[in-house]
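Scroll down for the structure; my scribbles are underneath it.
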Amino acid sequence: MMVRKGERIEVNPQTFNWLLKTSGYTREEIGKKAKISLSTLEAVSRGSGSLTWRQIRDLARVLKRPTSTFFLPTSPRESPNPPDFRKVFTDVEEGKFSVETLLSIRRARRLQDNARELMEFLEVSVEPKIEHVSIKENPYKVAHRERERSGINIENQTRWRDSYDAFNKWRKYIESRGILVFQMPMPVEDARGFSLTDEKPYVIVVSSKDSIEARIFTLLHEYSHILLGKHAICTPDEREIKRDNEKSKIEWWCNSFSSEFLLPLDYIRRKESIFSDIKELDKIARKYKLSKSFVLTQIRKARLVSDTTYKSIFEELKQRGLAEKKEGWVTPDRKCVREKGDKYISSVIEALHRDFISYDTALDYLGIKLKHLEKVEKLVIR
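For what it's worth, the numbering used here labels the leading residue of the sequence shown as 46, then goes sequentially.
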């Protein structure tokens, strides 16, 4: 679009209001970040004001939208956010998400759209290879069935290198079921994960800001949402849940499934003994590649720790901080693989090699520069 210097540009007020509303920022915050007065924003939103090209570029940067969006004749139709299940675990305002979480939902939708397009090119089915279940089914029995289907026994789990290796193994299994798994930055108090099942292929996103052990639990929690056919955005943890409404009943089911899948109670009773020391808990958690708070809760369910000892150790863990470890800086190629996963990246690379998409499109879909493409490909086919 050719714009003369200093020219004022009118923006459709419906589109403009939609852009502001879906950003997650207040109008005051948007104005401050883009260095545009609140009165100007209000005037444009009423249809009585205009913007310079520079102001549009600044707003596009702040709102994380292409500049072309500002020239749409009406606001585009976007898929809704997943149902909000967070109040089961945290005291949040229902339907109100942080800027980072909203951006992660938008990015996940875009990657989902990209993947669907690529899978159609490659003649790969977008249907998940899963057995849908009912909430009326016993979550522990479903967990045993699903664990057996994975082909991974507890002994395999104890031999994995560390919790990062464990996360990657579980991610690979879920991706083998035709589900995309992404890691994106979201404040853990706002969202630890979400699932998307209203369109295909199905998607799971976990917060890359969480500890790796917590991500493992969230990954299986969201997978159970997919098995139930009830996608959601959640802040799951291992606490007991009062089943006093429909959402809390679903979250209880998903937590029960995840817990039993990752560390079955019968196995704990057979293999572990009564303990009363946090050092022993550290050892057991490292053994199974799971968080100490989760293992402590499972051991309590198995009646291998007294309520008094449980409360004492849990308080000590709270003082330490339950988010035990976070990732530092990683190279762009490794960041791409960690964020987008082997399944998505493999589809992009195959479509590129078969000339279904251009290099520019492939780089856009992967969010990398050309110099990183070869390294990304080597990491995926390793």
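Beta carbons are placed, not taken as given, at the ideal position from N, Cα and C, and that holds for glycine.
Everything numeric in this text was worked out from a predicted model, so none of it was measured.
Put simply, the backbone Cα of Ala-188 is about 33 Å away from that of Gly-373.
Two segments are said to touch when three or more pairs of C-beta atoms, one from each, lie closer than 8 Å; by this definition the stretch 283-290 does not touch the stretch 315-324. Counting the other Cβ atoms within 10 Å of the Cβ of Asp-158 gives fewer than 16, which makes it exposed. The alpha-carbon of Ser-170 is positioned some 48 Å away from that of Ala-88. Judged by DSSP in its simplified three-state form, Phe-320 adopts coil rather than helix or strand. Setting aside the 5 residues that flank it on each side, Arg-91 is surrounded in the same chain by Pro-58, each with a C-beta closer than 7 Å to its C-beta; the list follows chain order.
In the displayed model, Arg-348 falls within coil according to three-state DSSP, outside both helix and strand. Per DSSP, reduced to three states, the secondary structure at Arg-206 is coil, with no helix or strand assignment. Cys-381 has no beta-bridge partner at all, per DSSP.
Here His-270 is buried: its Cβ has 16 or more other Cβ atoms, across all protein chains shown, within 10 Å. Cβ contact annotation for Lys-132 (same chain, cutoff 8 Å, sequence separation greater than five): Glu-139 and Lys-292, in chain order.
A straight line joining the alpha-carbon of Phe-166 with that of Val-233 spans about 36 Å. The beta carbons of Phe-239 and Val-226 sit no closer together than 7 Å.
Using a Cβ distance threshold of 7 Å, Lys-275 and Gly-223 do not count as a contacting pair. Per DSSP, Val-89 lies in no beta strand (DSSP E) segment; the continuous alpha helix (DSSP H) that holds it begins and ends at 83-91.
In the three-state scheme derived from DSSP, where H, G and I count as helix and E and B as strand, Arg-216 is classed as helix.
Ranked by how close their Cα comes to the Cα of Lys-316, the residues Glu-200, Ile-295 and Thr-406 have Glu-200 in first place. For Gly-76, there is no enclosing beta strand (DSSP E); the residue is found in the alpha helix (DSSP H) stretching over 72-79. Put simply, of Phe-212, Ala-211, Arg-151 and Leu-310 the residue whose alpha carbon is nearest the alpha carbon of Pro-184 is Leu-310. Residue burial is scored here from C-beta neighbours: Asp-282 has at least 16 other C-beta atoms within 10 angstroms and is therefore classed as buried.
One thing to note: Ala-153 has its Cβ no nearer than 7 Å to the Cβ of Val-56. Below 8 Å, enough C-beta pairs join the stretch 78-85 and the stretch 94-110 to call them touching: three or more. In the structure shown, the three-state DSSP call for Gly-386 is helix.
Here Lys-254 is buried, its C-beta having at least 16 other C-beta atoms within 10 Å. Pairing Ile-313 with Gly-386, the inter-Cα distance amounts to about 32 Å.
Close CB contacts of Lys-80 within its chain, under the 7 Å cut and outside five residues either way in sequence, are with Asp-103 (chain order). For Arg-365 against Tyr-355, the beta-carbon gap comes to about 16 Å, at or over 8 Å, which does not count as contact. Taken in chain order, the complete alpha helix (DSSP H) segments of 4 or more residues contained in the stretch 266-342 are 291-307, 310-316 and 323-333. According to the DSSP secondary-structure assignment, Val-250 is paired through a beta bridge with Phe-227 and Phe-239. By the Cβ neighbour-count rule, Ile-75 is buried, with 16 or more other Cβ atoms within 10 Å of its own. Ser-252 is the residue among Ser-252, Lys-332, Leu-156 and His-398 whose C-alpha sits nearest the C-alpha of Met-231. Taking all protein chains shown into account, Thr-353 has fewer than 16 neighbouring C-beta atoms within 10 Å of its C-beta and is therefore exposed.
Of Met-164, Asn-126 and Glu-145, the smallest CA-CA separation from Val-393 is found for Met-164. Among the bridge pairs identified by DSSP, Arg-53 is matched with Thr-97. Trp-63: member of the alpha helix (DSSP H) spanning 58-66, first to last residue. Per DSSP, the continuous alpha helix (DSSP H) segment holding His-189 begins and ends at 184-195.
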